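In this note's numbering, the protein residues as written are 11 to 287.
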């Protein structure tokens, strides 16, 4: 069974909601990113999105853009480095399901026939490509299915008549975008968000997760009872950014990792997964 399916099934039995952090790999370096993955697992993450740094993102807000620029400038991180980080984290004992979050160009440049065997060998369970429209994903979808990897779609409040088509073709779970625009922390969400989530739920039997802008315990609690998973990206990446001075020095490295751990704990509480309200 795909690790994503197994994790959602286990959480459902415990009446828990998945906590899904997003992490830009290579900020500040690959080794530190792997250590952060282990820290996220200790803190209660259910699965993790591994972000591939990209110079021309369409969906990323300023916080994630800055992290990508740091990773590219300092280390020239590639999609292969990110896949390698997943493999190393697994070899070091991580049991988390890994989801690769990348734009289509790095996938295309690497080669479709090459990248899917690498994803499978590196124990990556899911793939999100936000700039690959449903109408053009046939080859990617075929290869993903062939290698047992979920191609996870994003669906936005503006999708409207496309919601049913997108959700019906989904694999793993459906990623619901909470707000219009790019990623980033928010105090308010799209008007009609609950109606939108209800529409998506009615179009699929798969779990649904919500992301884009969720950053506080109150927001996590607000959605934990209506969604199967909650994605936190910019708020975590900002926490990493704030911890960079600590992470860069061997003497304070553990303190920096604990700062990230403590932030996740404020969102998840104790245990693995979020208690549904």
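Backbone N, C-alpha and C fix where the C-beta goes; we use that ideal spot for every residue, glycine too. Fair warning: this is a prediction, and the values are worked out from it, not measured in the lab.
Top-ranked residue by Cα proximity to residue i, from the options
| i | options | result |
| --- | --- | --- |
| residue 186 | 224, 149 and 271 | 224 |
| residue 39 | 82, 13, 265 and 54 | 82 |
| residue 21 | 240, 264, 252 and 250 | 240 |
| residue 274 | 114, 125, 210 and 49 | 49 |
| residue 101 | 180, 45 and 84 | 45 |
| residue 178 | 131, 88 and 209 | 209 |
| residue 107 | 54, 25, 164 and 265 | 54 |
Local Cβ density within 10 Å of residue i, reported as buried at 16 or more and exposed below that
| i | result |
| --- | --- |
| residue 217 | buried |
| residue 57 | buried |
| residue 238 | buried |
| residue 135 | buried |
| residue 235 | exposed |
| residue 180 | buried |
Pairwise C-alpha distance: residue j and residue i
| i | j | result |
| --- | --- | --- |
| residue 276 | residue 227 | 6 Å |
| residue 52 | residue 271 | 8 Å |
| residue 42 | residue 129 | 21 Å |
| residue 168 | residue 260 | 47 Å |
Those residues which DSSP pairs with residue i across a bridge
| i | result |
| --- | --- |
| residue 34 | 61 |
| residue 242 | 31 |
| residue 221 | 187 |
| residue 267 | For residue 267, which the question treats as bridged, DSSP gives no partner whatsoever. |
Near the ligand GTP: residue i beta-carbon under 7 Å from a heavy atom
| i | result |
| --- | --- |
| residue 184 | Among the components modelled here there is no ligand, and therefore nothing to report on the ligand GTP. |
Residue-chain proximity (residue i, chain B), Cβ-Cβ < 8 Å
| i | result |
| --- | --- |
| residue 254 | Included in the structure is just one protein chain, with no chain B present. |
Contiguous beta strand (DSSP E) assignments of at least 3 residues, all confined to the region 54-110: 58-61
Any beta strand (DSSP E) of 3 or more consecutive residues that is wholly inside the region 107-188: 108-111, 134-138 and 184-187
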